[in-house]
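Report on the following structure.
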Amino acid sequence: MALVGANVGVAKLLSEALPIALIAHLRCVLAFVVLFPLARSIEGFPRPSRAVLGNLFWQAVFGTAIYNAGLLAGLRLTSALEGGMVLATLPAVVAMGSFLWLREKLSARQWVAAGLAGLGMAAITLARLGDAGGVGSLLGNALIFVGVVGEAVYVLLAKRVAGQAGVYTASFWMQLFSAAVLLPFAAPDYGAVAKLADPGLGGLLVFHSLTASVACLVLWYRGLRRVPAGVAGVFTALLPASAAVTAVAVLGERFSAVHVVGFALMGVSVVLATWPKRG
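Counting from 1, position 196 in the sequence shown corresponds to residue 196 in UniProt numbering; the numbering is continuous, with no gaps.
Here it is in structure tokens:
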């Protein structure tokens, strides 16, 4: 989760230097090249059923294409600090999606978490509206929230095929489908690949791909083998925290009083939404 949050700042730097579709496409290409030998050596690379492959395709559309498009486009307009805070609404959005789509019952605590996430979003939105130059950030935050919705749909789709394909195998197919979906949008900008000759920019893209699309996945699922999912969920609070640290310490962004309020609301929302139940 700390790596996911840190990647918000990395994604912002990449989005300012390269076309959005090209970044997302190359990230997926690098990821499936790395995931193929892992899936083959660890899981034997069994071919999933047609139903599972279809589900993985839609996971790729929502969880990779829409999520990355919203995140990267939004980060061109808003700060990495606020982008990380918007991403922190994910647990609450997933809970609401489970209620509306999968007809799962929500506990009182989950309803409160959703409300706090909404208040956190409202706090940074009001700050943008009150800022004469804040229209761009408001639009940027909205685009990132579209990405959050895409990621939430991915999570809900993943619930439907959980356990029907190995982690590495499923991730390989997702990244392959994602690269294919993004190719028509990235192809016109392929000339910009020449910019990756800059070691700094090329290194950022490799770091972004190998951490966000490979390492984070491996660490998360290996961790889930050792602790309950509810306990693991609490650590999603590190996402906005590490995004904030990266934004302030590396990108030099300013942490205002409104951000403190929004950050506190988001943090409590994440903990409430993911804290394990008694029993």
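Beta carbons are placed, not taken as given, at the ideal position from N, Cα and C, and that holds for glycine. Quick caveat: nothing in here was measured; it's all calculated off a predicted structure.
- Task: Can you check the UniProt domain "EamA" (139-274) for any alpha helix (DSSP H) of at least 4 residues that lies completely inside it and give the ranges in chain order?
- Result: Taken in chain order, the complete alpha helix (DSSP H) segments of 4 residues or longer contained in the UniProt domain "EamA" (139-274) are 167-186, 199-210, 216-224, 229-234, 238-249, 257-274.
- Item | Proximity winner among I66, L81, S242, relative to F185 (alpha-carbon distances) | Among I66, L81, S242, the Cα nearest to that of F185 is on I66.
- Message: Once DSSP output is grouped into helix, strand and coil, what is the label at K105?
- Response: K105: coil per DSSP, three-state reduction.
- Message: Whole angstroms are fine: how far does the CA of F235 sit from the CA of E82?
- Response: Between E82 and F235, the C-alpha separation is close to 19 Å.
- Query: Just how far apart, CA to CA, sit P199 and F263?
  - Reply: C-alpha of P199 to C-alpha of F263: approximately 34 Å in a straight line.
- By how many angstroms is the C-alpha of S213 removed from the C-alpha of A117? A direct Cα-to-Cα measurement between A117 and S213 gives close to 26 Å.
- Inspect the beta-carbon positions of R27 and S209 and report whether they are closer than 9 Å. Their beta carbons are under 9 Å apart, which means R27 touches S209 by this criterion.
- Message: Here's the rule: buried if 16 or more other CB atoms are within 10 angstroms of the residue's CB, otherwise exposed. What is A173?
- Response: It should be pointed out that residue 173 corresponds to Trp in this sequence rather than to Ala. Per the 10 Å Cβ criterion, buried.
- Item | For S256 and V161, the rounded distance between their alpha carbons | Taking the straight line from one Cα to the other gives about 42 Å.
- Item | Validate contact between the segment 82-96 and the segment 145-161 using beta carbons, cut 8 Å, 3 pairs | A contact exists between the segment 82-96 and the segment 145-161.
- On a CA-only basis, which of T78, G150, R254, F57 is nearest S137? Give me that one, please. In terms of CA proximity to S137, T78 leads the group T78, G150, R254, F57.
- Task: Using a threshold of 9 Å, state whether the C-beta atoms of G163 and P46 are closer than that.
- Result: Taking 9 Å as the cut-off, the beta carbon of G163 is found no closer than this to the beta carbon of P46.
- Message: Check this for me: beta carbons of A113 and A273, under 9 Å apart or not?
- Response: Judged by their CB atoms, A113 and A273 are nearer to each other than the 9 Å cut-off.
- Message: Which same chain residues end up closer than 7 Å to L18 when comparing Cβ atoms and leaving out the 5 residues on each side of it in sequence?
- Response: Excluding residues within five positions, the ones whose Cβ falls inside 7 Å are A192, K195.
- Message: Given this structure, state the Cα-to-Cα distance separating V268 from A152, to the nearest angstrom.
- Response: Near 19 Å, if we compare the C-alpha coordinates of A152 and V268.
- CB V69 to CB S242, shorter than 9 Å? The sequence given here places Ala at residue 69; Val does not occur at that position. A distance of 9 Å or more separates the beta carbons of A69 and S242.
- Task: Answer yes or no: do V4 and L239 have a C-beta to C-beta separation smaller than 9 Å?
- Result: Yes, these two residues count as a Cβ contact at 9 Å.
- Task: Name the residue from N55, P37, L201, V33 whose alpha carbon lies nearest to the alpha carbon of Y154.
- Result: Taking only the C-alpha atoms, the option nearest Y154 is N55.
- Look at the Cβ atom of L205, then the Cβ atom of K12, and state whether they are nearer than 9 Å. No, these two residues do not count as a Cβ contact at 9 Å.
- Query: Which two residues bound the contiguous alpha helix (DSSP H) that contains R27?
  - Reply: For R27, the enclosing alpha helix (DSSP H) begins and ends at 20-43.
- Query: Expressed to the nearest angstrom, what Euclidean distance is found between the alpha-carbon atoms of A24 and R76?
  - Reply: Between the alpha carbons of A24 and R76 lies a gap of roughly 14 Å.
- Query: Count the other CB atoms within 10 Å of the CB of P91; is the residue buried (16 or more) or exposed (fewer)?
  - Reply: Counting every other CB atom within 10 Å of its CB across the protein chains shown gives P91 a total of 16 or more, marking it as buried.
- Cβ-based burial, S41 [other Cβ within 10 Å; buried from 16]: By the neighbour-count rule (16 or more Cβ atoms within 10 Å), S41 is not buried but exposed.
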